[in-house]
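Chains as they are written, first to last, in this note's numbering: chain H, 452 to 642; chain D, 118 to 413.
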């Protein structure tokens, strides 16, 4: 006989016993889809946190985020500001005995947080810079002068020298409405 | 002559142009010609940009790769962040039909298609590869040996990690860049927690500068403890973090460091006889003079 109460009323009452009403089992699947890693294989050994350069200087615990991924604790994960303290050094990923990429779990959660409009401003400003110039760190006058002294051209052989390539980049970014959302979130934060 | 499309990225051409100039000149002496990759953009930044939407990260990196496919040249580059974006996206798109189809759907809008016809290399890995260059050739190109200097190597993260997605075999204690440094006549030194991150990546430098600098400060403690005269790296973003970072550490924590930070190509340039002016070392936040005095 299958495990159960053998009582339809009780079965209905407890069918969600593994998930708190605020949890979202779809969250685990979404994180695994975006990160392309097997989060559910985690057995919580903590090798990741032990390898993490951010852990000793903050309350950021990568192991906790992986647990949140597996438990479907979407709100708890996406609203925690520690989500943005991962330097993406991938030490946890290289050392994970289960072959999981915890770093990519963080990256997936950050992508999902962006969909909730949760994202630090510096990330959005990078989006704006890349959209307008093609570069996350664009050229400036001091650097242009230095380049010329070196015998290089003032503008590098990138979108800086060939701005005709920028519309193509903007098309890619617009396809995903990334700039539009970045502008909106930044504007909403200003007042 | 081995020819490669030279992917510049952002920080090398726009903050440390000496790295770009040095890469072109030093490589030419080693039989490697770096060709301009016209119209390339930011790789885009794997952490600061990929964190927002990985779909756009894949598509934009693919656009840069396609520019080189159109030249029919493999890509080489001098930044670990660029390496993660360009190398990893290239490999992932070659291996995964679902990812490649998604990216090509978007690239079709700008009349481009990712074909998977080229490979991506970090310039340092080409220098180490005996089929392309090799340590002996580096040693033979030196006209002003960096004798008497102790140099700490910072590998950076995205060159070697995640190791499963790299050609390299060791991300815990690699020694091959030390071999490249020793070939210049300098003495490479080992220090505690060598493989720790510089602290800049993942958008953390922009999000929480103090947190990011605290990681850098720990590295600086470990490097100076063994008496290093300079740090070398193969990533302009790590360079920025160590170089400008020392000034920021002084402002934020009141701790004073004065450790010169040089990209491997700048070191190689010096060893091949390039002048500090030809390398724009004056753009560095930390004065390189103490190091230069040692090799005079």
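Cβ coordinates follow ideal geometry from the N, Cα and C atoms, glycine included.
Annotated as proximal: residue 269 (chain D) and residue 306 (chain D), with beta-carbon spacing under 8 angstroms. One thing to note: residue 587 (chain H) has its Cβ no nearer than 8 angstroms to the Cβ of residue 163 (chain D). For the pair residue 258 (chain D) and residue 396 (chain D), the CB atoms are not nearer than the 8 angstroms cut-off.
Put simply, the CB of residue 393 (chain D) is far from chain H, with every gap to its CB atoms at 8 angstroms or more. Cβ neighbours of residue 319 (chain D) within its own chain (closer than 8 angstroms, five residues either side excluded): 164, 165 and 168. Proximity of chain H to residue 355 (chain D) at the Cβ level (cut-off 7 angstroms) is not reached, the minimal Cβ distance being about 11 angstroms. In the structure shown, residue 304 (chain D) adopts extended strand secondary structure according to DSSP, grouped into three states.
Within the stretch 332 to 361 of chain D, the runs of beta strand (DSSP E) at least 3 residues long that lie entirely inside it are, in chain order, 347 to 350.
For residue 379 (chain D), the closest C-alpha among the options D:407, D:368, D:366 and D:309 is that of D:407.
In the DSSP assignment, no residue is bridged to residue 610 (chain H). For residue 407 (chain D), the enclosing alpha helix (DSSP H) has its first and last residue at 406 to 412. In the structure shown, residue 571 (chain H) adopts coil according to DSSP, grouped into three states. Counting only runs of 3+ residues, the beta strand (DSSP E) found wholly inside the stretch 236 to 266 of chain D occupies 237 to 239, in chain order. Membership of residue 193 (chain D) in any alpha helix (DSSP H) is not indicated; the residue belongs instead to the beta strand (DSSP E) covering 192 to 194. Only residues of its own chain outside the window of five on either side were considered, and among them 185, 186 and 191 have a CB closer than 6 angstroms to the CB of residue 235 (chain D), listed in chain order. Within its own chain, the residues whose Cβ lies closer than 7 angstroms to the Cβ of residue 570 (chain H), once the five positions on either side in sequence are excluded, are 564 and 636, listed in chain order. Judged by DSSP secondary structure, residue 513 (chain H) falls outside any beta strand (DSSP E) and instead within the alpha helix (DSSP H) spanning 513 to 522. In this chain, the alpha helix (DSSP H) harbouring residue 129 (chain D) covers 128 to 131. When H:599, H:547 and H:609 are compared, the shortest CA-CA separation from residue 489 (chain H) is found for H:547.
By the beta-carbon neighbour count (other beta carbons within 10 angstroms, threshold 16), residue 362 (chain D) is buried.
For residue 313 (chain D), the number of other beta carbons within 10 angstroms of its own is at least 16, and it is reported as buried. Not one beta carbon of chain D lies nearer than 8 angstroms to the beta carbon of residue 530 (chain H).
Residue state for residue 149 (chain D) is assigned as strand, using DSSP reduced to three classes. At a beta-carbon threshold of 8 angstroms, the residues of chain H lying near residue 324 (chain D) are 535, 536, 571, 573 and 574, ordered along the chain.
For residue 542 (chain H), the chain D residues whose Cβ falls inside 9 angstroms of its Cβ are 274, 278, 288, 312, 313 and 314, in order along the chain.
Taking the Cα positions, residue 623 (chain H) is about 12 angstroms away from residue 171 (chain D).
At least 8 angstroms separates the CB of residue 517 (chain H) from every CB of chain D. When 9 angstroms is used as the limit between beta carbons, residue 482 (chain H) is near no residue of chain D, the shortest such separation being about 12 angstroms.
Contacts with chain H at 8 angstroms (Cβ-Cβ) do not include residue 402 (chain D). Annotation for residue 124 (chain D): the continuous beta strand (DSSP E) segment containing it runs 119 to 124.
Residue 129 (chain D) is not a Cβ neighbour of residue 120 (chain D), given a cutoff of 8 angstroms. Contact between residue 616 (chain H) and residue 156 (chain D) holds, with the beta-carbon distance rounding to 4 angstroms and staying under 8 angstroms.
Of the candidates D:153, D:343 and D:198, the residue whose Cα lies closest to the Cα of residue 189 (chain D) is D:153. Taking CB atoms only, residue 240 (chain D) has no neighbour in chain H less than 8 angstroms away. Where residue 626 (chain H) is concerned, the enclosing alpha helix (DSSP H) starts and stops at 617 to 626. Between residue 400 (chain D) and residue 597 (chain H), the C-beta spacing is below 8 angstroms.
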